[in-house]
Every structure is written in C-alpha cells, then in structure tokens.
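Note sheet for the following structure.
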Amino acid sequence: MKDYLLELNDFQREAVLYDDGPSLVVAGAGSGKTRVLTYKIAHLLQNGYQPHSILALTFTNKAAREMKERLAAITDEYVTRYLWMGTFHSIFCSILRREAQHIGYDSNFTIYDANDSKSLIKSIIKEMQLDEKTYRPGVIQNRISNAKNGLVTSKAYIQEKGFRDYDYRSKIPLTGEIYQRYSARCYNAGVMDFDDLLLQTNILFRDHPTVLHKYQEQFRYVLVDEYQDTNLAQHLIVKRLCENHLHVFVVGDDAQSIYSFRGANIDNMLRFQDNYPTCRVFKLERNYRSTRNIVDAANSLITKNKEQIHKTVYSEKEKGSKLSLVSAYSDYDEAYMVSSKIMDMIHYNDYSFSDFAILYRTNAQSRVLEETLRNRTIKYRVYGAQSFYQRKEIKDVIAYLRVIINPKDEEALKRIINYPLRGIGGTTFDRLQAAAVAEDVSLWAVISNPSAYRLATSKGTEHKISLFCRLIEGFVEENRTATAVEIATTVIKESGVRDVLYNDSTVEGISRLQNVQELLNAINQFVTMRLEQGLETVSLTDFLMEVALITDQDNDRDENADKVSLMTVHAAKGLEFRNVFIVGMENDLFPSGMCMDSPRAVEEERRLFYVAITRAQENCIITFAQNRFRNGQTNSASPSFFLEDIEAQYIDIAGEIELPSHGYGRTTASYSSSRSPSSSSWDKVRSTSSSGTIQSSPSPSSSSSDKLQSIGALSTGDRVIHTMFGEGEILTLEGKNENAKAVISFANSGVKTLLLKYAKLKKVK
DNA sequence: GGCCGGGGCATTTTT
DNA sequence: TGCCCCGGCC
Numbered sequence: 003m004k005d006y007l008l009e010l011n012d013f014q015r016e017a018v019l020y021d022d023g024p025s026l027v028v029a030g031a032g033s034g035k036t037r038v039l040t041y042k043i044a045h046l047l048q049n050g051y052q053p054h055s056i057l058a059l060t061f062t063n064k065a066a067r068e069m070k071e072r073l074a075a076i077t078d079e080y081v082t083r084y085l086w087m088g089t090f091h092s093i094f095c096s097i098l099r100r101e102a103q104h105i106g107y108d109s110n111f112t113i114y115d116a117n118d119s120k121s122l123i124k125s126i127i128k129e130m131q132l133d134e135k136t137y138r139p140g141v142i143q144n145r146i147s148n149a150k151n152g153l154v155t156s157k158a159y160i161q162e163k164g165f166r167d168y169d170y171r172s173k174i175p176l177t178g179e180i181y182q183r184y185s186a187r188c189y190n191a192g193v194m195d196f197d198d199l200l201l202q203t204n205i206l207f208r209d210h211p212t213v214l215h216k217y218q219e220q221f222r223y224v225l226v227d228e229y230q231d232t233n234l235a236q237h238l239i240v241k242r243l244c245e246n247h248l249h250v251f252v253v254g255d256d257a258q259s260i261y262s263f264r265g266a267n268i269d270n271m272l273r274f275q276d277n278y279p280t281c282r283v284f285k286l287e288r289n290y291r292s293t294r295n296i297v298d299a300a301n302s303l304i305t306k307n308k309e310q311i312h313k314t315v316y317s318e319k320e321k322g323s324k325l326s327l328v329s330a331y332s333d334y335d336e337a338y339m340v341s342s343k344i345m346d347m348i349h350y351n352d353y354s355f356s357d358f359a360i361l362y363r364t365n366a367q368s369r370v371l372e373e374t375l376r377n378r379t380i381k382y383r384v385y386g387a388q389s390f391y392q393r394k395e396i397k398d399v400i401a402y403l404r405v406i407i408n409p410k411d412e413e414a415l416k417r418i419i420n421y422p423l424r425g426i427g428g429t430t431f432d433r434l435q436a437a438a439v440a441e442d443v444s445l446w447a448v449i450s451n452p453s454a455y456r457l458a459t460s461k462g463t464e465h466k467i468s469l470f471c472r473l474i475e476g477f478v479e480e481n482r483t484a485t486a487v488e489i490a491t492t493v494i495k496e497s498g499v500r501d502v503l504y505n506d507s508t509v510e511g512i513s514r515l516q517n518v519q520e521l522l523n524a525i526n527q528f529v530t531m532r533l534e535q536g537l538e539t540v541s542l543t544d545f546l547m548e549v550a551l552i553t554d555q556d557n558d559r560d561e562n563a564d565k566v567s568l569m570t571v572h573a574a575k576g577l578e579f580r581n582v583f584i585v586g587m588e589n590d591l592f593p594s595g596m597c598m599d600s601p602r603a604v605e606e607e608r609r610l611f612y613v614a615i616t617r618a619q620e621n622c623i624i625t626f627a628q629n630r631f632r633n634g635q636t637n638s639a640s641p642s643f644f645l646e647d648i649e650a651q652y653i654d655i656a657g658e659i660e661l662p663s664h665g666y667g668r669t670t671a672s673y674s675s676s677r678s679p680s681s682s683s684w685d686k687v688r689s690t691s692s693s694g695t696i697q698s699s700p701s702p703s704s705s706s707s708d709k710l711q712s713i714g715a716l717s718t719g720d721r722v723i724h725t726m727f728g729e730g731e732i733l734t735l736e737g738k739n740e741n742a743k744a745v746i747s748f749a750n751s752g753v754k755t756l757l758l759k760y761a762k763l764k765k766v767k
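Residue 166 in the working numbering sits at position 164 of the first sequence, and the numbers go up by one each step.
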C-alpha cells in the first residue's frame, strides 16, 4: 500500500488518523472530501479492520463506485470486493432481503420506483372517488414520502393530530387514509418503495434487537458521505448501528445541503454534536478546485445564510478571473450568447467542449439551449434526461421480469397485462383490481383464479385472462432453472414484445428494438461481473434489485466524449468543470418562486446557487434574461436578488457580446457597464437591464418577401421531419400564409409538395 | 377496447 | 411550448 498519508494535507491527515470516537468532517466545496473518506478506509484496513466489517454509505451509485475505484488503486482490488460500500438504499435493500421474514415480507420483494408509487397513489385516489385536482398525486406522494422519511407509518400518521390538522388546512384531509391504503397495497403486492427500504430497515432494527445486534457486531466502522443530505430514517439507522462502538465517521458540507424537499434534514449535520457528544469536528477549508475569485465570491454569497457551521473556505490558487454577469434580452438570446461565448473561449483559450457546463434551475430550460447548441454544431450532453432504464420499452420488459419473481407486483402487472395488446382493457382491469381491493388480496390472486371472485366479465375476457396467466406461469416455471439472460430472452420472444417492436419499422421502433437487445447485454454483463467477483449464482432477482436502484448517473461510458454538459444545478453537485455557465438567474426562477414563503427554503435556494458557483474551476459566467418564454407565454423577468449577495469586487458585468443573427442579419451590441462606483453588483445589474442596452433581435416572421428563401422559420435547404414521410430536405418554398407550400425531398418517401398549413414539419439541426 | 384530439397544467428529485 | 388526462368516436 502506498504511503497515503503523504498525499493529505495536515487537516485531512488529522481527520484520517483520529480514531477515538465519532468524527464529523465539515468539508467545504472542493476540499478533498472523497479523498479523506477513501484514505480513511485505507487507513482502517491497514490497521486491521476486515473489509467486511466496514460499512460506507453514499447517496449515489456513482459515488460508491468512484470510491471503490480509488480504493482499489491504493489498496488491493480484492479488498474492495468485500467492503460494504454502496448507497443507503442498495445496502439496506440487501439486508432487508436477507431478513425479510422478520418483518413479514418475502425475500423476493420487488421495488416500486417513483413512477410506480405515483401510479398507485393515482389509482387509490380514483378508487376513493376523490378529485385529482384537489388531491394531486404528486403532492400526496410527497406527503407520504416525507412521512416515511420521518419514520411516520400510516398508522401513526392517522393518529397524529399534527398531520391531520396540516392536511385539513391544506384541504386534503384524507391524505392519511390514502397513505394507509397505499401501505396496505404495497404490502399486499409484496413490494417496497424507495422510502420503505429505509423505513422498513428502521422497523427491522427497532423490533428485532437480535438482528440489529448481528449487524452492530459485523459493522465495526460506519462511514457516511454527504451527511448533510441524510434524512431522519438514514440518520437513525446509522445511529443504531453505531450506538455501541461509536465508530462513526461522517463527511459533509452543510453549505451544500440542497435536498430538503426529499426529506434531508440539515440539522443532522448541524446538531451532530448533540447526537454524539464525544464527537470531534474536523474542518477542511482549503479548496483545491477553484481560483480565489470564485471561492471568495461563493463565500460572500453563502454568508448571507443564517443557519450554517462557520468555516472559511479559501483557495491558494491564482486569483483568476472575476465571475461575469451577462444580461440577455430573451431566453433565446441568452442561449445564443452562451454558445457564442463557448465558441470564443474554445477559439481563443484552447478549451474543448468538455471543459464547459451549462447549469440551470429547471429541466425545462434545457430546450432552448439544446436547440441553439445544435444550430451552432456544438456537441453537448443533457444529464438527467431520460435514462436507459426509464425508457418505455425497457420498463415493459423489466415489468415482465418483476412479475416473474413477484407475481403480486401490482404496478408491474398493470403495465404488461395488456401489453402487447391482448384484449384486457381498462374496464376489465378495473374490475380485477376492484375485486382484489374488496377481498383484500393481491391482484395476482384474482387474475390467477377469476372465477372465484364473481367478476362481471364475459367468457371471452376470462379466457384472455387465463391465457395471460398461463403465459406468466410458464415464465415462472422456466425461471426455476434458466439463467437470467435466458429467461429474459424467452420473455421478450414469447410475450410478443419482440414482434410488436419488430413490426414497427419507424426510426423509433428500430431503436426500441435495439434498446431491448441492449437490455439483454446489460443483464449478461451484470451476471458475468458478479460471477467474476466470486459469487456462486446470480439470479434474476439480483439483477432487478440492482436495476431498481440505478439511475441515470451510470451511463458515463462516453466520459471521454468531447461534449458540453447540460444539467440542473442539483445534478451538478459533486462535479467540477473548468468553465461553468449558470443561466436563468432571475427572480421566480432562481430562486424558485415556490420557496418565497419560507426563509428556510430561500436559504436552500441560496445554497443551490452556492453549489452552482463552486462547480467552476476557472470561469463562472452567470446570465439572466429580461424576457423568458415559460409555460406557453413570454414573461418579463428581473435579475435574481441573489446576485446582490455576491460582493461587487468579485463579479464583472460582461463587456462586448455578440447578439444572435438568426440568419437574418447581424447585430452587435455591447453592455455598458455602469461606471458609477457601487458596493454591490446589484446596482450594476439594475442599471444595465433597465437601460436596455441589449436590443431585441429581429423576429423570424419579419423576414423579407424575396424569392421565398424562407417562410416563417423554414428556409430552403433546411432538414425537416414530417410525421408521415420522415426526414427530408426543403427544395423550394412558395405562396403566402394559407397557401404557403414547400417542395420537400424525403429520404424514404421521395419528393412531395406539402401545404405548410397542414404539414407539421419539424426542423432538424 | 382503442385511438385521436381538445383542454388544463406546469420545481428541484442522489434512491 | 409540450405532456398528460379525459371524453368522444369508431
């Protein structure tokens, strides 16, 4: 093993070496938090801790994987195999599976993802004949999730006056009832949702001291990453596991706590010392990531928050450039300026695309950016977009697999009972489900024996149901002996999914079939990997558990691809880029308009802005638009009041910026940065935006009426997509308004003349 | 049972 | 603007 201690600074080393009780490492942004955690584990290993006696908990698979890789590099690879390192959810999912019988579950329970949960809540709301506009499924889902994360079971929820009153005041008094039904349904279906994995673990540990004791004995040391993001359920699990030996080492940054809406409680970190009175606090304050200006600017922002652990983050890098603040006329212009700036910086500073990230508050903002980047042929990747396992075709196949290992899985059944179409439609399904609810049995119990439930269905329908039932039973039977890949292959073939996709010769259809093939590869890969790690057998259940807890993060396969990264600020946490754009810095957007009634929520938004700024290593460029198209209309916007929180000395109002040409002529405007001395950047912003130095770009519709080079947004030579004919190129354009026509040469359908009024053309590139 | 189109509606979301 | 839900129609 390398002499790892030499690679740490004094403070980091102190934290790693201290071994005399609970430790809290308050790690500022970019201060080498993961490094400390990794070396701490290496240190424990070197001092005689067995790998299987170390439990290291993270929030993302990616964090766990990266830490494993780093550990493998400084210790031995085989060691990391036996470490208990993973996300809270995956680790306790394994434990729950092992101990399921203690809490009345089968060890083959399946997992509801957020969509499954929401869908179930929706059906319950319908069954209770409540109005979906009053009882918004998303809101109810949040309420239930928060309750679970706060370890409030449905029973407790209904009994507790506080919840009742709160729901009553929110005009959704029956939330407790929905929660109760939701829990019952999950239990009957033999499934757990994400929150259950933590809630049930707590129940397990609370009610079964011998089980708890077993794990207390096993885990001699417990480490937690991103502790500021733990919720009560997680905090308590850790506390229980450590209560005897107090070998607990947690790392986090309270200034980066941005997940309270998911139940994270920053108090877990702020009051760590109350929970562990003998704890020692270590502060890592040296930032290794960013230039001094960036660190100082971020500090000046975050000091405006009241609740925080005091620390002074500093950088010893060069001063670097100031942050820059750029005003744009519209969201479109904002996107255009960002892409221009990227091109400029690449040109003059020798950056590549992958040195840039564009961060925004909401996913909806990515659209304009994407469009603009495409037009400028800038390669980009949107993170947090639909992940592989979220695709419909993949979810469909996964649903079959879920039903095979747990036929009671109601949401999975719902997905596949009529896909591919087999004539079991909504009405029939509702009847089946109503019977299941009325008799308090699983949906599968009704499906596998419909005649026992006096359903008002026809003979023909009953036959269809029994065919479906036999199909599933056949799969279940095969799964006893077949490998995971074999059973998945059979399912795709015999369910009819393959034929449906095969018969769809559209571009989308072909890609869906490829995705399904890719799923088989993924299963194969997973099994091979596990076998290589020395496991005797790898079941379908193992794969499904892994898949259920996987999210988008995992596909960083093309990490080396040279692309600009687009993502929400939330998704950017933990990442770093040489150059960061923070766009849409406007009131009502960032901070979100929904936080304004709560000072705590405003502080969280400010932390979010802090996270955004601290992603930047060299340059941080902040933009806002004076007009933004949102929810179908354009609204005028004002620069975020958070900008006022950044001290003026660290931020510049941008100089000359080229405005979008739209291909209709060029305009160049420059920002008149206010000369008047001002103590806050805010004044400058105001003077800039109100003096309106940025002119509106000409609108596309004002294009000239020459030889009809273009009509509306279309020009000759444009590549377009037609819903029927596919992709093609515009050869000519003619006519006005109602009669505007285009002659288009389609790749697969030949040349067509289309009336623009009817042809819904979509421009590509 | 299943498809199409009008109307209402929009945070963030490690698992 | 784009998604999702529901109601009407085949």
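Built from N, CA and C at the ideal position, the CB exists for glycine as well.
Using DSSP's beta-bridge definition, name the partner residues of Glu731.
Arg721, Ser747
Considering only the alpha carbon of each residue, which of Thr82, Ser55, Ile56 lies closest to Glu68?
Thr82
Please report the distance separating the alpha-carbon of Tyr382 from that of Arg363.
18 angstroms
Helix, strand or coil, according to DSSP, for Lys565 in the structure here?
coil
According to DSSP, which residues form a beta bridge with Gln392?
Gln392 is not bridged to any residue.
So, helix, strand or coil for Asp22, using DSSP?
coil
I'd like to confirm the pairing. Which residues does DSSP put opposite Cys471 in its beta bridges?
Looking at the DSSP assignment, Cys471 forms no beta bridge with any residue, so it has no partner.
So the candidates are Tyr51, Gly386, Asp195, Ile76; which of them puts its Cα closest to the Cα of Lys120?
Asp195
Distance between Ile113 and Arg580 (C-alpha atoms, nearest Å)
39 angstroms
What three-state label does DSSP hand Arg273 in the structure shown?
coil
From the DSSP secondary-structure annotation, give me the bridge partner or partners of Phe583.
Ile360, Ile623
Whose CA, out of Gly30, Ile142, Glu588, lies closest to the CA of Tyr229?
Gly30
With a 10 Å radius around its C-beta and 16 neighbouring C-beta atoms as the bar for buried, classify Thr280 as buried or exposed.
By the C-beta density criterion, Thr280 is exposed, having fewer than 16 other C-beta atoms within 10 angstroms.
State buried or exposed for Asn233, treating a residue as buried only when at least 16 other CB atoms are found within 10 Å of its CB.
buried
Buried or exposed for Met531, going by 16 or more other Cβ atoms inside 10 Å?
exposed
Can you tell me which residues form a DSSP beta bridge with Tyr334?
The partner list for Tyr334 (beta bridge, DSSP) is empty, contrary to what the question assumes.
Is Leu537 buried or exposed, if buried means 16 or more other CB atoms sit within 10 Å of its CB?
exposed
With 16 other Cβ atoms within 10 Å as the buried cut-off, status of Arg273
exposed
Extent of the continuous alpha helix (DSSP H) to which Thr280 belongs
Run containing Thr280: none; DSSP gives neither H nor E here.
For the putative contact between Ala158 and Leu200, defined by C-beta atoms under 8 angstroms, what is the C-beta separation to the nearest angstrom?
Between Leu200 and Ala158 the Cβ distance is about 16 angstroms, and since that is not below 8 angstroms, they are no contact.
By Cβ distance, which residues of its chain are closer than 7 angstroms to Val766, with the 5 residues on each side in sequence left out?
Arg721, Val722, Ile723, Glu729
Which one or two residues does DSSP pair with Met194 in a beta bridge?
Answer is Ile113.
According to DSSP, Leu286 sits in a beta bridge with which residue or residues?
The partner list for Leu286 (beta bridge, DSSP) reads Ala29.
Of all the options Ala563, Gly32, Ile160, which has the alpha carbon lying nearest to the alpha carbon of Phe355?
Ala563
Quick check on the burial criterion: 16 or more other C-beta atoms within 10 angstroms. Buried or exposed for Arg630?
buried
Give the C-beta separation of Gly265 and Asn151 to the nearest angstrom, bearing in mind that I take them to be a contact with Cβ-Cβ under 8 angstroms.
3 angstroms
Going by C-alpha to C-alpha distance, which of Ile512, Ala486, Leu7, Gln131 sits closest to Arg404?
Ala486
To which residues does DSSP link Ile653 through a beta bridge?
Leu325
Hey, Leu415 and Gly34: beta-carbon distance below 8 angstroms or not?
no
Where does the unbroken beta strand (DSSP E) through Phe644 begin, and where does it stop?
Element bounds for Phe644: n/a, residue is neither H nor E.
Starting from Ser594, follow its DSSP beta bridges and name the residues at the other end.
Asp590, Leu591
Exposed or buried, which one is Val585 when buried takes at least 16 other CB atoms within 10 Å?
When all chains shown are included, Val585 counts as buried.
Less than 7 angstroms separating the Cβ of Arg183 from some heavy atom of the ligand GTP?
Absence of the ligand GTP is noted for the structure shown, with no ligands found whatsoever.
Residues in the same chain with beta-carbon distance under 6 angstroms from Phe207, minus the five sequence neighbours each way, listed in chain order, please.
Leu214, Arg242
Let me check one thing: in DSSP terms, what residues is Ala75 bridge-paired to?
According to DSSP, which records beta bridges pairwise, Ala75 is partnered with nothing at all.
Same chain only: Cβ atoms within 6 angstroms of Phe74, ignoring 5 sequence neighbours per side
According to the sequence shown, residue 74 is Ala rather than Phe. Taken in chain order, the residues that qualify are Thr82.
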